[in-house]
Each structure stands twice: as structure tokens, then as C-alpha cells.
Amino acid sequence: MAISVDDIIGRLGGPAAAARALGVGTEALRKWKQNGAIPARHWPVLVQVLHLALADLPGAPATQETRGPMSDPTSPPDGATACLVLADGTVFWGRGFGAHGAGEPAEVCFNTGMTGYQETLTDPSYAGQIITFTFPHIGNVGANPEDIEATTIAARGLVVKQDVTEPANWRAAQKLDAWLRAQGVAGMAGVDTRTLTARIRDGGAPNGVLAFPAEGRFDIPALAARARNWPGLEGMDLARRVSCTQSYAWNETLWTWPAGHGRQVAPRHHVVAVDYGAKRNILRCLAAAGCRVTVVPATATVEDILRHAPDGVFLSNGPGDPAATGTYAVPAIRGVLDAGKPLFGICLGHQLLAIALGGRTYKLARGHRGANQPVKDLVTGRVEITSQNHGFAVDESSLPGDVQVTHKSLFDGSNEGLACPSRRAFSVQYHPEASPGPTDSRHLFARFVAMMDEAA
Numbered sequence: 025m026a027i028s029v030d031d032i033i034g035r036l037g038g039p040a041a042a043a044r045a046l047g048v049g050t051e052a053l054r055k056w057k058q059n060g061a062i063p064a065r066h067w068p069v070l071v072q073v074l075h076l077a078l079a080d081l082p083g084a085p086a087t088q089e090t091r092g093p094m095s096d097p098t099s100p101p102d103g104a105t106a107c108l109v110l111a112d113g114t115v116f117w118g119r120g121f122g123a124h125g126a127g128e129p130a131e132v133c134f135n136t137g138m139t140g141y142q143e144t145l146t147d148p149s150y151a152g153q154i155i156t157f158t159f160p161h162i163g164n165v166g167a168n169p170e171d172i173e174a175t176t177i178a179a180r181g182l183v184v185k186q187d188v189t190e191p192a193n194w195r196a197a198q199k200l201d202a203w204l205r206a207q208g209v210a211g212m213a214g215v216d217t218r219t220l221t222a223r224i225r226d227g228g229a230p231n232g233v234l235a236f237p238a239e240g241r242f243d244i245p246a247l248a249a250r251a252r253n254w255p256g257l258e259g260m261d262l263a264r265r266v267s268c269t270q271s272y273a274w275n276e277t278l279w280t281w282p283a284g285h286g287r288q289v290a291p292r293h294h295v296v297a298v299d300y301g302a303k304r305n306i307l308r309c310l311a312a313a314g315c316r317v318t319v320v321p322a323t324a325t326v327e328d329i330l331r332h333a334p335d336g337v338f339l340s341n342g343p344g345d346p347a348a349t350g351t352y353a354v355p356a357i358r359g360v361l362d363a364g365k366p367l368f369g370i371c372l373g374h375q376l377l378a379i380a381l382g383g384r385t386y387k388l389a390r391g392h393r394g395a396n397q398p399v400k401d402l403v404t405g406r407v408e409i410t411s412q413n414h415g416f417a418v419d420e421s422s423l424p425g426d427v428q429v430t431h432k433s434l435f436d437g438s439n440e441g442l443a444c445p446s447r448r449a450f451s452v453q454y455h456p457e458a459s460p461g462p463t464d465s466r467h468l469f470a471r472f473v474a475m476m477d478e479a480a
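25 is the number of the first residue of the sequence shown in the working numbering; add one for each residue after it.
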């Protein structure tokens with residue numbers, strides 16, 4: 025006979041200890057007690073730690089075929105050719121596609137966007153991460169060279185629910201499977217992505233390894249050990265890895281039907297964009313707003329930036345811990361601020377600007393990744409639906425008095441924007457270029473241009 029949820033929590037040492045052991049919040053425990061059942065993804069840990077039979081667990085059937093994350097890790101289910109192994113030993117089996125390989129340890133996150141999987145995969149901000157897509161129809165429009173945000177995929181794998189179908193879009197130039205193989209990236213289909221997403225939501229983004237071995241052999245303990253021993257993104261500088269290595273000019277503008285991408289031939293301002301992992305559509309938005317754009321590496325010094333005589337400086341998005349990247353980026357940003365150049369930052373650029381102004385950042389328990397994130401503009405009162413991809417945030421309490429908090433997340437109240445009018449600087453945590461996502465916030469590029477007009 026199954027024992028109660030309260031008894032399980034008591035055996036684990038009480039609510040706080042149980043939450044730690046299972047990697048969830050105390051709110052999850054409350055819901056379990058209310059429902060009288062513990063979700064299946066936690067059964068392996070409970071069976072191992074408390075030495076219980078599966079039938080003893082609240083919510084578990086008396087006879088249960090173990091599938092998905094409960095499968096015997098030494099015996100792949102029929103048809104399984106790939107697996108995702110988490111640091112705690114949990115295994116999700118599925119059908120591999122894309123490139124074969126054991127994969128690299130990474131942080132497993134989820135993205136809620138309903139469109140733009142190709143743009144998401146090529147966003148350099150996903151360096152060091154395996155992406156779980158909550159939308160089931162991934163790959164059904166194929167891949168094409170116009171929708172990429174960077175030449176190569178920085179993500180270390182992707183997990184989807186349904187098998188990838190034949191492309192059904194007139195712009196498709198390749199199947200997703202072939203494109204991933206060419207990029208050397210593995211994917212896995214047939215996974216209960218609801219279970220995996222709930223696991224990430226309740227316990228935070230775990231470390232994991234996605235394996236799709238050509239020979240079909242899996243060493244699960246070794247994969248779990250690799251995931252467990254990976255240090256994680258906190259303290260890790262990844263911007264240097266995805267940044268350009270030398271300066272270049274950019275004049276491509278936004279895509280329009282039927283012409284495709286245009287060219288900026290009559291710029292009003294010159295902007296230097298610091299590439300911490302810049303998405304191409306951000307550069308396109310700057311060009312479409314009337315800017316000639318010069319892109320410089322993440323490691324550019326203030327002298328490197330100012331020698332181009334810019335009218336304004338843009339700080340791009342990017343991956344990793346902003347405090348780690350800030351060791352070389354912040355001195356350059358402070359030099360730009362001291363020079364009085366108008367400055368606009370997005371995502372990692374927002375976090376780096378906050379540090380340069382005297383603030384701090386921290387890692388979110390649950391990152392924001394998707395194209396449906398509501399943000400409130402505290403100046404206008406307007407609510408915008410935004411595209412986001414970040415696992416760190418700015419600590420508002422650390423900001424000095426001359427820095428204004430301008431935007432807040434309506435999901436968790438975390439900081440989404442700041443401004444320092446005395447230094448001609450502003451930034452947002454989200455992605456106003458919206459690739460993929462809504463265009464509610466694209467007006468911010470015009471705001472940056474207006475700031476340069478005033479400074480001229």
C-alpha cells in the first residue's frame with residue numbers, strides 16, 4: 025500500500041530537506057500534498073534514497089512499466105538511439121537525429137517559443153546549453169541560410185517531442201536533420217518534454233549530456249559523471265568563445281517579402297557594436313534604423329572602440345556569466361561612458377552595463393527563454409510581450425542612485441531594463457530585435473538613434 029506524501033517528506037527530513045533532495049521548491053511539495061501524489065520524474069530518487077518499492081510511492085500504480093526517465097539505464101528501450109543523461113543519473117531516452125556523438129556537458133534549459141527554432145538554435149547566447157523545445161512542431165519548415173543568427177550553432181544539442189517531418193515551407197533549403205549533421209549538433213526526438221520542462225521549472229536547469237552514438241552503445245554511469253563534474257555556467261566566460269576575432273563592417277537590413285534582406289546605403293550615424301555573441305538581426309535592426317555598423321570583438325578595449333570615431337556604441341547579447349565576461353568588458357564600457365558616447369545594451373550587454381555603472385548580477389533560479397515574456401515599462405506603464413534568453417539578471421538593489429530601473433518582468437519581478445540619463449546610456453534584458461518573437465519593443469532602436477541625434 026502506498027504511503028502518504030507527508031510520510032515521504034518526513035522520511036526525507038522535513039520540507040526543506042525534501043526540497044533539497046529532490047531539487048524542487050517548497051511550493052511543489054505543497055502541490056504534491058494537495059494532489060496526494062509525487063510526479064513520476066522523482067520516483068527513481070525516492071526508490072534509491074528511501075529504499076522503497078515503486079508500488080509504495082504515492083501516485084505510482086501497483087504495476088508500472090518503467091519507461092522514459094525510469095528506464096533501466098543499461099538497457100535502452102526498443103527503438104531508442106539517443107539519450108539525455110542528467111547529473112543526478114536520470115535518463116531520458118529518445119530517437120536521435122542530426123550528428124552522431126557523445127556530446128558535451130551542458131546546462132539543460134527549455135524554450136517556449138512557438139516559431140523560429142532555427143533562429144533560436146543559432147543564437148550564440150545558447151552556448152553551453154542543451155535546448156528543450158516545449159512547442160512540439162520543430163523542424164517542419166526545414167532550414168534555410170536566411171534565418172540564421174550566427175554562422176554556427178553554439179548550443180550543444182536539442183530535445184523535441186515529435187519526430188522531425190519533411191519540410192513544408194517554400195523557403196526550406198535543407199531538412200533540419202541534414203543541417204544539424206552539417207553543423208555537428210545532435211538532436212533527440214520522442215521525449216516527454218512536459219516532464220523534462222517541469223523538472224527544469226521545479227528544480228532549476230540541471231547539467232546534462234545528450235548522447236547519440238553511431239554504434240548504439242551507452243555508458244550511462246560515465247555520461248552521468250561527465251554531467252555531474254561539469255562546473256556549470258556560473259563563473260564561466262563564454263562570450264570570448266562566440267565573439268568575432270576581428271572587426272568587420274555590417275550594412276544588411278531586415279528581411280522583407282519578396283525582396284529578402286536589404287542594404288543600408290545612406291546611414292545617418294556610425295555605431296560600433298561590441299560582439300559578445302551578437303545576433304545578426306540586432307545588427308540588421310541597427311542598419312535599418314539608419315546606422316553604419318562596425319562590429320568589434322568582445323575583448324576590444326576602449327581605445328579599440330573609440331578609434332572608429334563612433335556616434336554611439338552598442339553592447340550585444342551573449343552567453344555565460346556576466347561577472348566573468350566583465351573582467352575585460354567592464355573597463356572598456358566605463359571608458360565609453362567617460363567619453364560621453366551614447367550607449368545601448370541588450371541582454372548580456374544590459375548586465376555588463378549594470379556592472380560598469382556599479383551594480384551586480386546573479387544567476388536566476390529559472391531563466392527566461394521564449395518569445396512570450398511580458399515586461400512592463402515603468403516609465404510609460406505599457407506592457408510589451410518580449411523575446412528573451414537569459415539565465416542571469418541584474419540585482420536592482422545594487423544599482424547606484426543615478427541609475428533608473430525602467431522595466432520589470434511580470435513573470436517574476438526581476439529587472440528588465442535600466443537607464444542612466446547623465447551618462448547617455450540605457451539597456452534592456454530582453455531582445456527587441458525579436459528573432460524569433462514579437463516586435464513590440466523594436467522602437468528601442470529608434471530611441472538609440474534619437475539619443476545619437478541629440479548628442480550630435
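In this text, a Cβ means the ideal position worked out from N, Cα and C, and glycines have one as well.
Around the C-beta of S446, are 16 or more other C-beta atoms found within 10 angstroms, so that it is buried, or is it exposed? Position 422 of the sequence shown holds residue 446. S446 counts as exposed, since fewer than 16 other beta carbons sit within 10 angstroms of its beta carbon.
Comparing C-alpha positions only, which one of F157, V215, A290, A263 sits nearest to E276? Locating residue 276 in the sequence shown gives position 252, where the first residue counts as 1. For the residues F157, V215, A290, A263, the minimum Cα distance to E276 belongs to A290.
Are the Cβ atoms of A151 and R265 separated by less than 9 Å? Numbered from its first residue, the sequence shown carries residue 151 at position 127. Numbered from its first residue, the sequence shown carries residue 265 at position 241. Cβ atoms of A151 and R265: closer than 9 Å.
Please confirm whether L200 and G211 have their CB atoms less than 9 Å apart. As a position in the sequence shown, residue 200 is number 176, starting the count at 1. As a position in the sequence shown, residue 211 is number 187, starting the count at 1. Going by beta carbons, L200 and G211 fall inside the 9 Å limit.
Any idea what DSSP makes of A43, helix, strand or coil? Taking the sequence shown and counting its residues from 1, the one referred to as residue 43 is at position 19. Annotated three-state conformation of A43 is helix, per DSSP.
Own chain partners of W274 with C-beta closer than 7 Å, once the 5 adjacent residues on each side are dropped: Start at 1 with the first residue of the sequence shown, and residue 274 comes out as number 250. Correct list, in chain order: L307, A311, V317, V319.
Distance check for V48 and G391, CA to CA, integer angstroms please. If you number the sequence shown from 1, residue 391 lands on position 367. If you number the sequence shown from 1, residue 48 lands on position 24. One C-alpha to the other measures close to 15 Å.
Is the segment 118 to 132 close to the segment 220 to 238, with three or more CB pairs under 8 Å? Contact holds between the segment 118 to 132 and the segment 220 to 238, because three or more Cβ pairs, one in each stretch, are under 8 Å apart.
Shortest alpha-carbon distance to G359 belongs to which of V183, T144, G336? On the sequence shown, position 335 is the one that residue 359 refers to. Residue G336 holds the alpha-carbon nearest to the alpha-carbon of G359 among V183, T144, G336.
Enumerate, from N- to C-terminal direction, the unbroken alpha helix (DSSP H) stretches of 4 or more residues contained entirely within the segment 133 to 217. Qualifying alpha helix (DSSP H) stretches, in chain order: 141 to 145, 200 to 207.
From A235 to G118, what does the alpha carbon distance come to, in whole angstroms? Position 211 of the sequence shown holds residue 235. Position 94 of the sequence shown holds residue 118. Taking the straight line joining both Cα atoms gives about 10 Å.
Please report the straight-line C-alpha distance between E89 and G383, rounded to a whole angstrom. The residue given as residue 89 occupies position 65 in the sequence shown. The residue given as residue 383 occupies position 359 in the sequence shown. Low per-residue confidence applies at E89: pLDDT is 34, beneath 50, and the placement is therefore not dependable, though the value from the model is reported in the following sentence. The straight-line gap from Cα to Cα measures roughly 52 Å.
Below 8 Å on the Cβ atoms is my contact criterion, and I expect S149 with C371 to pass it. Report the Cβ-Cβ distance as a whole number of Å. Numbered from its first residue, the sequence shown carries residue 149 at position 125. Numbered from its first residue, the sequence shown carries residue 371 at position 347. S149 to C371, Cβ: 6 Å. Contact.
P68 in three-state terms, based on DSSP: Reading the sequence shown from its first residue, position 44 is the one you call residue 68. In the three-state DSSP reduction, P68 falls in the helix class (H, G or I).
Could you give the residue range of the beta strand (DSSP E) that holds V320? Locating residue 320 in the sequence shown gives position 296, counting from the first residue. It spans 315 to 321 - the beta strand (DSSP E) in which V320 sits, taken as one unbroken run.
Buried or exposed by the 16-neighbour rule on C-beta atoms within 10 Å, applied to S99: Taking the first residue of the sequence shown as position 1, residue 99 is located at position 75. It counts as exposed.
Residues sharing a beta bridge with K432, DSSP: The sequence position of residue 432 within the sequence shown is 408, counting from 1. K400, N439, per the DSSP bridge assignment.
Consult DSSP for L110 and reduce its assignment to one of helix, strand or coil. Along the sequence shown, read from residue 1 onward, the residue named residue 110 stands at position 86. Residue state, collapsed to three classes: strand.
Nearest-angstrom Cα distance between F472 and P366? Numbered from its first residue, the sequence shown carries residue 472 at position 448. Numbered from its first residue, the sequence shown carries residue 366 at position 342. In a straight line, the C-alpha of F472 is about 8 Å away from that of P366.
Once DSSP output is grouped into helix, strand and coil, what is the label at S99? Residue mapping note: residue 99 aligns to position 75 of the sequence shown, counting from 1. Coil, per DSSP.
What whole-angstrom Cβ distance do G38 and P460 have, given they're in contact under 8 Å? In the sequence shown, the residue the question calls residue 38 occupies position 14. In the sequence shown, the residue the question calls residue 460 occupies position 436. Separation of the CB atoms of G38 and P460 is rounded to 44 Å, and the pair is thereby denied contact status at 8 Å.
Compute the beta-carbon to beta-carbon distance between P82 and S28, rounded to the nearest angstrom, for a pair I have assumed lies under 8 Å. Mapped onto the sequence shown, residue 82 falls at position 58. Mapped onto the sequence shown, residue 28 falls at position 4. P82 to S28, Cβ: 6 Å. Contact.
Taking only runs that begin and end inside the segment 309 to 367, name each unbroken alpha helix (DSSP H) of 4 or more residues, in chain order. Considered as a whole, the segment 309 to 367 harbours 326 to 330, 346 to 362 as its complete alpha helix (DSSP H) runs of no fewer than 4 residues, in chain order.
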